[in-house]
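Here's the structure, in structure tokens; my notes come after.
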Amino acid sequence: MRAAGKVAKAFSEKVAKQKWLRVEKAINNIAMSKKGLVEQEVRMEHFLEKREILGKELEALEQRREQAVVKNHDTMQLDSYIEDIKENINYVQETISETQHNVIEIEETQDTSGNVDLQQIVNSIYDIDEAKYIIEKLYNMTLSQSHAAAQRDAKLKESEATLVELQQENNVRGQLLDHVLHNEIPIFSKELITSVSSNTNETTSSNSSRSSSPAPVEMHLSVPESHAHTHSSRSKIRRRTAQPAEMLFGLHTQSSMTQSQDASTLRMDYSLQRVEFLMIHKARVSPLKIIVRVKKVYFRTNII
Numbered sequence: 001m002r003a004a005g006k007v008a009k010a011f012s013e014k015v016a017k018q019k020w021l022r023v024e025k026a027i028n029n030i031a032m033s034k035k036g037l038v039e040q041e042v043r044m045e046h047f048l049e050k051r052e053i054l055g056k057e058l059e060a061l062e063q064r065r066e067q068a069v070v071k072n073h074d075t076m077q078l079d080s081y082i083e084d085i086k087e088n089i090n091y092v093q094e095t096i097s098e099t100q101h102n103v104i105e106i107e108e109t110q111d112t113s114g115n116v117d118l119q120q121i122v123n124s125i126y127d128i129d130e131a132k133y134i135i136e137k138l139y140n141m142t143l144s145q146s147h148a149a150a151q152r153d154a155k156l157k158e159s160e161a162t163l164v165e166l167q168q169e170n171n172v173r174g175q176l177l178d179h180v181l182h183n184e185i186p187i188f189s190k191e192l193i194t195s196v197s198s199n200t201n202e203t204t205s206s207n208s209s210r211s212s213s214p215a216p217v218e219m220h221l222s223v224p225e226s227h228a229h230t231h232s233s234r235s236k237i238r239r240r241t242a243q244p245a246e247m248l249f250g251l252h253t254q255s256s257m258t259q260s261q262d263a264s265t266l267r268m269d270y271s272l273q274r275v276e277f278l279m280i281h282k283a284r285v286s287p288l289k290i291i292v293r294v295k296k297v298y299f300r301t302n303i304i
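Numbering-wise, the UniProt record's numbering puts 113 at position 113 of the sequence shown, and it's gapless, one number per residue.
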């Protein structure tokens, strides 16, 4: 059939396939450039947050250094920390500048290549069968990409849930460790030290009045069998609750720590048991509170 001196061309699947390959390549190039742009933006945002955190740390260290100078303390270690943070800030700033340069390059190449090629391919399609062929390919490609995106989204949500769980567990362990290391720095509180010292003096004076060769309470404090049996039973019952070492390092940590104790640690354990017995019978303090305090001190001493 002739129309205006031209003969209609028959549909060629080979030509349509070549056009589709060009369309697919142009779409993939645009998608990759978009992906690279997003990655660079996320990277830059991460380093901006890191720079802000380092700036706050630097400010805090400089304030501590000023206080140390006023108190005539040694500032060598603080100076080293400040120098390290300044180097990190310089590195982060260089990375931010490099990322900004990469973003500008990606935007420039994206504007001059992919969109122009895709527009030229679309303008070259005149046959309706070619258009149907390319639309069908686009449909299949869209379904495939949507399925892959859904799978990645599901994996991302699972990873985020795992991350939240690990962060919560880490926060709990961090709070417990902070409580053990910082809130329990004094071996005993002031009230407990006062009661223990006074009761120790009373016990020492009573022993000296009964014996011609007095000995320190720490060396010759005797525990009745009935109390020892009660104490061992109470230790077994109290042992059922989780101790700080178990909450920090697992259930089997205490047994391994007990097996690896040296002579000094055993002497500390013996001294703490004597202090516990002394406070229960002499001090006006709840036995449960005393036991908890003694165990906390014992755990911290083993860590140190």
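Cβ atoms here follow ideal geometry from the backbone N, Cα and C, with glycine treated the same way. If you're wondering where the values come from, they're calculated on a predicted model, not measured in any experiment.
If you draw a straight line from the Cα of R65 to the Cα of E45, it is about 30 Å long. The DSSP-derived three-state label of S12 is coil. In the structure shown, H73 adopts coil according to DSSP, grouped into three states. Under the Cβ criterion (8 Å, minimum of three pairs), the region 55-62 does not count as touching the region 124-138. In the DSSP assignment, D153 falls within the unbroken alpha helix (DSSP H) covering 128-178. In this structure, I89 lies near L58, with their beta-carbon atoms less than 8 Å apart. F11 counts as exposed, since fewer than 16 other C-beta atoms from the protein chains shown sit within 10 angstroms of its C-beta. A Cβ-Cβ separation of about 13 Å leaves Q40 out of contact with T109 under the 8 Å criterion.
Taking all protein chains shown into account, A154 has fewer than 16 neighbouring C-beta atoms within 10 Å of its C-beta and is therefore exposed. Across the set I121, V70, E105, E52, the C-alpha of E52 shows the shortest separation from the C-alpha of Q93. In the structure shown, the three-state DSSP call for I96 is helix. One thing to note: E13 has its Cβ no nearer than 8 Å to the Cβ of M141.
In this structure, the straight-line span from the alpha carbon of Y91 to that of L177 is close to 32 Å. Beyond the five residues adjoining it in sequence on each side, V69 comes within less than 8 Å, by CB distance, of T75 in the same chain, given in chain order. Here DSSP, grouped into helix, strand and coil, assigns S80 to helix.
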